[in-house]
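Quick note, the sequences are listed as chains U and P, same order. Using this note's numbering, the first residue of the first sequence is number 58, and each one after it goes up by one. Using this note's numbering, the first residue of the second sequence is number 58, and each one after it goes up by one. Glycine residues also receive a C-beta, built at the ideal position from the N, C-alpha and C atoms. Worksheet: the structure to be examined is printed underneath.
There are 2 protein chains.
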Amino acid sequence: MAMTTDSIFYQDMDGKPIESPNKIKIMDISIELFSRKGFTGVSIRDITKEVGIKESSLYNHFRSKEELLSTIFFNFRRSISRILPQEDHLGGMLQSVSPELFLKQSLAGLMKHIDDPVMAKVWRMMYLEQYRDRVVRDIYLNDIVGNMLKSLEKVFSIWIAAGRIQPADARILAAEYQYPLFAMIGVYVLLRVDGSSTWDIETGMREHVDYFVSKIIV
Amino acid sequence: MAMTTDSIFYQDMDGKPIESPNKIKIMDISIELFSRKGFTGVSIRDITKEVGIKESSLYNHFRSKEELLSTIFFNFRRSISRILPQEDHLGGMLQSVSPELFLKQSLAGLMKHIDDPVMAKVWRMMYLEQYRDRVVRDIYLNDIVGNMLKSLEKVFSIWIAAGRIQPADARILAAEYQYPLFAMIGVYVLLRVDGSSTWDIETGMREHVDYFVSKIIV
DNA sequence: AATGCTAACTAACGCCCGTTACCCTGTCAA
DNA sequence: TTGACAGGGTAACGGGCGTTAGTTAGCATT
Chain U
58 MAMTTDSIFY QDMDGKPIES PNKIKIMDIS IELFSRKGFT GVSIRDITKE
108 VGIKESSLYN HFRSKEELLS TIFFNFRRSI SRILPQEDHL GGMLQSVSPE
158 LFLKQSLAGL MKHIDDPVMA KVWRMMYLEQ YRDRVVRDIY LNDIVGNMLK
208 SLEKVFSIWI AAGRIQPADA RILAAEYQYP LFAMIGVYVL LRVDGSSTWD
258 IETGMREHVD YFVSKIIV
Chain P
58 MAMTTDSIFY QDMDGKPIES PNKIKIMDIS IELFSRKGFT GVSIRDITKE
108 VGIKESSLYN HFRSKEELLS TIFFNFRRSI SRILPQEDHL GGMLQSVSPE
158 LFLKQSLAGL MKHIDDPVMA KVWRMMYLEQ YRDRVVRDIY LNDIVGNMLK
208 SLEKVFSIWI AAGRIQPADA RILAAEYQYP LFAMIGVYVL LRVDGSSTWD
258 IETGMREHVD YFVSKIIV
């Protein structure tokens, strides 16, 4: 099996950067395997065989299989929080670019996150473990769906107040804009499991932004 | 654990109706357990203990754990195919009701399927096993996403030709209408895992239909 | 030179896994 | 009355599971 060496800046759950090469390798390979077979479908032996160490050695790095999973999602959470527009910068950014450009740049930022070879797999894990694991469910519902909708609602209400788009309920606009993208991201991530072409769904995302913008501009 | 006795008309994969009470019980309980812990997270012993038979007796009904899973999705597929509007009835139905009413009725039909206590769990299983199982992936991408988009595209193009809605690309309209619903259904199904309130997301679905209709009527 | 720490190792624990071979009992058609 | 058969049961197979105890080699600090 191919090995991922494109490793991200992983951190331990206490905030310390993870530097030990084998510990990084454990993370990379766990993400790869969990994303394809699910947490319960992968054994410690599967992981350590791939890493090239004995199973007992894994326990020098992680207290349990659960802690390994938590560490992966801890890093995902950190990483996701960076792609949301920060409230305090919002005012300036919104004045300098058009709504259309802003939305297209946001989409590009999101796609960049999903296209990262490691993060793509963690997105897959998130969709996969949601139903089994309450923490993962919360990450999706709060950190992703909830936060994105809230921050977009803010954006739309600013535009409405400034008369840059048609008056409407900002909360509904945020939902209309974002929910299709969530569904399309799901399909996109799914297609990539088999390495199928994602051209159609990527086009769909761009068409959605265009359609949406055409309906809200003054 | 609560037992589901509200069982559907199950069929074997060769089309024969499943009538043996314990075989129905195995299906119901498997669906319950698989939907909460995933296929690999549930053992034959978990299932048979709940049914009240020995594990060897399960093999009087199913050749393997895999066949049990396949039978569940075989029945899901059958059930899903019934909620899509049939092409041949389409013409008559579209003339007699307004676009708004038609869309609201379609949504109600879909929600009824998801609200069925058994089918709700299989929807959850589908989202859960998608990444592990190619067949499930195909059910979602083709039977659900693909078919619904195709049939909606047909509907919109008929309306456009009849001048009942504003001219537009029917394919894009279908996507704009349906994708948000897919995402919202995902959230809806997820919320039901914990028994959380689904009021917000159900409202969101209705608001989406209203918003969408308001943007397409002539 | 001695110390402590990191991270590898061997070996094993007790338990759970899917599945099978075989047996027993009740029902119902011939 | 007999015989097939559906659907229960017992017992066990070989193997995989997560995890732990104890050991050891290499390295940096004192």
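Return yes when the Cβ of residue j is within less than 7 Å of the Cβ of residue i, no when it is not.
i	j	result
F119(U)	L125(U)	yes
G166(P)	I140(P)	yes
R181(P)	Y188(U)	yes
E186(P)	F96(P)	yes
I81(P)	I104(P)	no
S208(P)	P142(P)	yes
L151(P)	I215(P)	yes
D224(P)	Y236(U)	Just to set this straight, residue 224(P) is Pro in the shown sequence, not Asp. In this structure, Y236(U) does not lie closer than 7 Å to P224(P) by Cβ.
K272(P)	K211(U)	no
I88(U)	K178(U)	yes
Can you tell me the Cα-Cα spacing of residue i and residue j, whole angstroms?
i	j	result
M70(P)	K169(P)	25 Å
Y184(U)	G148(P)	38 Å
R191(P)	R93(U)	11 Å
I222(P)	G220(U)	28 Å
L247(P)	I129(U)	21 Å
P74(P)	N117(P)	16 Å
K161(U)	S254(U)	22 Å
I258(U)	I137(P)	23 Å
L164(U)	R134(P)	34 Å
S121(P)	S121(U)	31 Å
M84(P)	V154(U)	56 Å
D226(P)	T260(U)	14 Å
R263(U)	A218(P)	26 Å
V175(U)	L90(U)	12 Å
Q123(P)	N79(P)	Here residue 123(P) is Glu; the residue named in the question, Gln, does not match the sequence. E123(P) and N79(P): Cα-Cα distance of roughly 18 Å.
D173(U)	L158(P)	43 Å
R228(P)	G243(P)	22 Å
M205(U)	W256(P)	19 Å
G252(U)	S77(P)	42 Å
E287(U)	G72(U)	Lying outside 58 to 275, the shown extent of chain U, residue 287(U) is not represented and no answer is given.
S113(U)	H146(U)	48 Å
For my contact list, residue i and residue j are in at a C-beta cut-off of 8 Å; report their separation, rounded to the angstrom.
i	j	result
A240(P)	F239(U)	4 Å
R194(P)	V99(U)	That pair is no contact at about 19 Å.
Y245(P)	I171(P)	7 Å
Inset, instruction - Any chance you could list the alpha helix (DSSP H) runs of at least 4 consecutive residues sitting entirely within the region 192–248 of chain U, in chain order? - result: With a minimum length of 4 residues, the continuous alpha helix (DSSP H) runs that stay inside the region 192–248 of chain U are 204–218.
Legend entry - Segment contact, 8 Å Cβ cut-off, at least three pairs: the region 186–200 of chain U with the region 103–119 of chain U: Short answer: they don't touch.
Inset, instruction - Assess, as a yes-or-no matter, whether the region 224–235 of chain U is touched by the region 263–275 of chain P under the definition of 3 or more beta carbon pairs within less than 8 Å. - result: Between the region 263–275 of chain P and the region 224–235 of chain U, the count of C-beta pairs closer than 8 Å reaches three or more; the two stretches touch.
Inset, instruction - Tell me the start and end of each unbroken alpha helix (DSSP H) in the region 69–141 of chain P that is at least 4 residues and wholly inside, in chain order. - result: DSSP runs (the alpha helix (DSSP H)) wholly in the region 69–141 of chain P: 78–94, 101–108, 112–115, 122–138.
Inset, instruction - Starting from the N-terminal side, write out each stretch of the alpha helix (DSSP H) that is 4 residues or longer and does not extend beyond the region 143–176 of chain U. - result: DSSP runs (the alpha helix (DSSP H)) wholly in the region 143–176 of chain U: 144–153, 156–172.
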